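As given, the protein sequences belong to chains H and W, one line each in that order. Going by the numbering used here, the residue at position 298 of the first sequence is 298; the numbering climbs one at a time, nothing skipped. Going by the numbering used here, the residue at position 62 of the second sequence is 408; the numbering climbs one at a time, nothing skipped. Here a beta-carbon is modelled for each residue, glycine too, at the ideal position from N, C-alpha and C. The structure displayed is predicted, hence computed values, not measured ones.
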Amino acid sequence: MRVVHYLNQFFGGVGGEEQAGLPPEIRPGTVGPGRLLEQALGDGSHVVTTIICGDNYAAENVQEVTAMVTQQVKEAQAELLVAGPCFQAGRYGTAAGAVCAAVQDNLGIPAITAMSGENPGVDLYRESIYIVDSGDDVSRMRGVLAETARLGNKLVGQGVIGRPADEGYFSQGKLRSEFVENTAARRLTGMLLSKMRGEAFEAEVPIKSIDAVPAPPPVPDMSRATVAIVTDGGLVPKGNPDRIPRAFAQVWGAYPIEDIESLRAGEYEVAHGGYDNRPVEQDPHRLVPVDVLRQMERDGLVGKLHPEFLSTTGNSNPLENSRRMGREMAARLIEAGVDSVILTST
Amino acid sequence: MEKAGIPVAQVTAMTAVAKAVGSNRIVRGQGIVNLLGDSDLPPEEEREIRKRIVRKALEALATDPARSDP
């Protein structure tokens, strides 16, 4: 079997965040985890082409990259595209999902990737492609590749794919008719009893984890409104007084900007391990636009810029954490009479 | 924050992710590492980019998303 493998710059061995702008590169044969992938796929399977692309380049040029990968898969006469595993890496997961979906839709060739449940690529692509649940522990690479290869082989061989929980992939939200022993009433009673006993049970209709929040009404008059800047890009004063970690942040900070005309480079740093921090550290306005909002305040376009900006790090953060921090931030902003928020997200 | 009733304009280069998590007012930023600027441009031009994006965010805050095309 001929296989094409998609990797980001990190797993492709090109470099870290400083190489995230790398346009796609084509290498013959395996690179990095590709060797293990080839072994896991078994005799007669070869990774004929590896495509390595920087995370930022892929996120900013999705169409170009998906078209390019599709073309490569076609030219390589591949029977399977494997992307990742991506674990918690959000941009990587999003790109892997996009290239898999494009190859599957445009060429009819099966594609598979792997990532953790918190990766934004899961919610974007779980319904259209097979995504193996990798968990977030990169040291499980070998095991994850084995699971990916097993399911990938099944996809190519058009074998029967079992349930998500049995095969280790994220549910695609599909319903399949099957015969069962008990009526709905009995099954439901059984689940209820399990729940009461504190035992594990599996609901037949899964509840979506992201709840839709209706849009709050628009601000009637921005020229009289107070606007606050909130960021998940991790800008903090030099020295990081609240010790916001570079990933999995459980805390956020509020930093004064009252009477500050512009943020000076050197007085701030970035506590975020998910992107190249240098441009923002050179000029913090690239993330927290105090300079232009101050001007707009003077010009009467906004009533008032809230005298502090709120900041945390949105990197590999479990939703529960983010929700709690959002609630805490909202409480502080409401108490201060803020009418609206500009949230800058990296 | 929206649950608490505060309208939020989210500026991001990854608009697909913002959409997937149900953000209601999404404004496309310039890029991932240069969300509101461009380190390759002279400061004045860069500031213009930032102004344009922030102005869009303010417009979004004053608009009902149900009535506008993102």
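Check your understanding: Got a sec, what are the start and stop residues for the beta strand (DSSP E) H/TYR275 sits in?
Key -> From DSSP, H/TYR275 is part of no beta strand (DSSP E); its letter is neither H nor E.
Practice item. Verify the CB distance criterion: does W/GLU391 have a CB-CB separation below 9 Å to chain H? Key: no
Exercise for review: Please report the residue range of the beta strand (DSSP E) in which H/ASP133 lies.
Suggested key: 130 to 133
Review point. Does any residue of chain H bring its CB to less than 9 Å from the CB of W/ALA359?
Key: The Cβ of W/ALA359 sits closer than 9 Å to at least one Cβ of chain H.
Point to revise | Bridge partner(s) assigned by DSSP for W/ARG374 | key: W/THR358
Review point. What in chain W is Cβ-close to H/TYR275, meaning under 8 Å?
Key: ILE378, VAL379
Exercise for review: Could you have a look at H/GLU202 and say whether DSSP puts it in helix, strand or coil?
Suggested key: coil
**Study point:** Cβ-Cβ separation, H/ILE342 to W/VAL400 (assumed contact under 8 Å), whole Å
**Key:** 7 Å
Review point. Is the beta carbon of H/ALA96 less than 9 Å from the beta carbon of H/GLU147?
Key: Not a contact, by the Cβ cut-off of 9 Å.
Exercise for review: Could you name the residues of the segment 58 to 71 of chain H whose beta carbon sits closer than 7 Å to any beta carbon of chain W, in the order they occur along the chain?
Suggested key: Answer set for the segment 58 to 71 of chain H: ALA59, GLU60.
Check your understanding: What are the complete alpha helix (DSSP H) segments, minimum 4 residues, inside the segment 156 to 220 of chain H?
Key -> 164 to 167, 184 to 197
Practice item. Kindly indicate which residue of H/ILE51, H/ALA40, H/ASP105 has the alpha-carbon position closest to the one of H/PRO28. Key: H/ILE51
Exercise for review: Determine the direct distance from the alpha carbon of H/GLY274 to that of H/GLN9, and round the result to whole angstroms.
Suggested key: 13 Å
Review point. Taking Cβ to Cβ, would you say H/SER316 is nearer than 9 Å to H/VAL290?
Key: no
Review point. In the structure shown, what three-state DSSP assignment does W/PRO416 receive?
Key: Per-residue confidence for W/PRO416 stands at a pLDDT of 45, beneath the threshold of 50, marking its modelled position as unreliable; the derived number appears in the next sentence. Reduced to three states, the DSSP call for W/PRO416 is coil.
Review point. Using a C-beta to C-beta distance shorter than 8 Å, which residues of chain H count as neighbours of W/ARG371?
Key: ALA215
Practice item. Could you check what DSSP says for H/MET115 in three-state terms: helix, strand or coil? Key: strand
Practice item. Determine, using beta-carbon pairs with one atom in the segment 324 to 344 of chain H and one in the segment 244 to 255 of chain H, whether at least three such pairs fall under 8 Å. Key: yes
Check your understanding: When you compare each of H/MET222, H/VAL3, H/VAL160, H/GLU204 to H/ILE109 by their alpha carbons, which one comes out closest?
Key -> Nearest C-alpha to H/ILE109 among H/MET222, H/VAL3, H/VAL160, H/GLU204: H/VAL3.
Check your understanding: Since H/ILE20 sits in a beta bridge, which residues does DSSP pair it with?
Key -> Rather than Ile, the amino acid found at residue 20 of chain H in this sequence is Ala. Partner(s): none; H/ALA20 has no beta bridge.
Check your understanding: Residues of chain C with CB under 8 Å from W/LEU387, in chain order?
Key -> Checking the listed chains, one finds no chain C in this structure; the protein chains it contains are H and W.
Exercise for review: Take every Cβ of the segment 125 to 140 of chain H, pair it with every Cβ of the segment 85 to 103 of chain H, and state whether three or more of those distances are shorter than 8 Å.
Suggested key: yes
Review point. Is the Cβ of H/ALA336 closer than 9 Å to any Cβ of chain W?
Key: no
**Study point:** Alpha-carbon spacing of H/ARG187 relative to W/ARG371, whole angstroms
**Key:** 42 Å
Review point. By the criterion of Cβ-Cβ separation under 7 Å, what are the contact partners of H/LEU41 in chain W?
Key: Near H/LEU41 there are no residues of chain W at all, since even the closest Cβ is about 30 Å away, more than 7 Å.
Practice item. Say whether chain H places a C-beta atom closer than 9 Å to the C-beta of W/ARG396. Key: yes
Review point. Are H/VAL338 and H/PHE309 touching if we call contact CB-CB under 9 Å?
Key: no
Exercise for review: Note down, in chain order, all residues in the segment 89 to 112 of chain H with a beta-carbon under 9 Å from any beta-carbon belonging to chain W.
Suggested key: GLY90, ARG91, THR94, ALA98
Exercise for review: Counting only the same chain and skipping the five closest in sequence on each side, list residues whose C-beta sits under 8 Å from that of W/ARG396.
Suggested key: LEU382, GLY383
Check your understanding: Does any C-beta atom of chain W lie closer than 9 Å to the C-beta of H/ASN56?
Key -> yes
Check your understanding: Starting from H/GLU335 and walking both ways along the alpha helix (DSSP H), at which residues does that stretch end?
Key -> Here the alpha helix (DSSP H) through H/GLU335 covers 319 to 335.
Exercise for review: Would you list, in chain order, the members of the segment 309 to 342 of chain H that have their beta-carbon closer than 8 Å to a beta-carbon of chain W?
Suggested key: GLY326, ARG327, MET329, ALA330, ALA331, LEU333, ILE334, VAL338, ASP339, SER340, VAL341, ILE342
Exercise for review: Report the neighbours of H/HIS285 on chain W: residues whose CB is nearer than 7 Å to its CB, in chain order.
Suggested key: At a beta-carbon threshold of 7 Å, the residues of chain W lying near H/HIS285 are LEU382, GLY383, ARG396, ordered along the chain.
Exercise for review: Using three-state DSSP, classify H/ARG2 as helix, strand or coil.
Suggested key: strand
Review point. With a CB to CB cut of under 8 Å and the five nearest residues on each side skipped, what residues in its chain are close to H/ALA265?
Key: GLU281, GLN282, ASP283, PRO284
**Study point:** Residue(s) in a DSSP beta bridge with H/LEU310
**Key:** H/VAL230, H/ALA254
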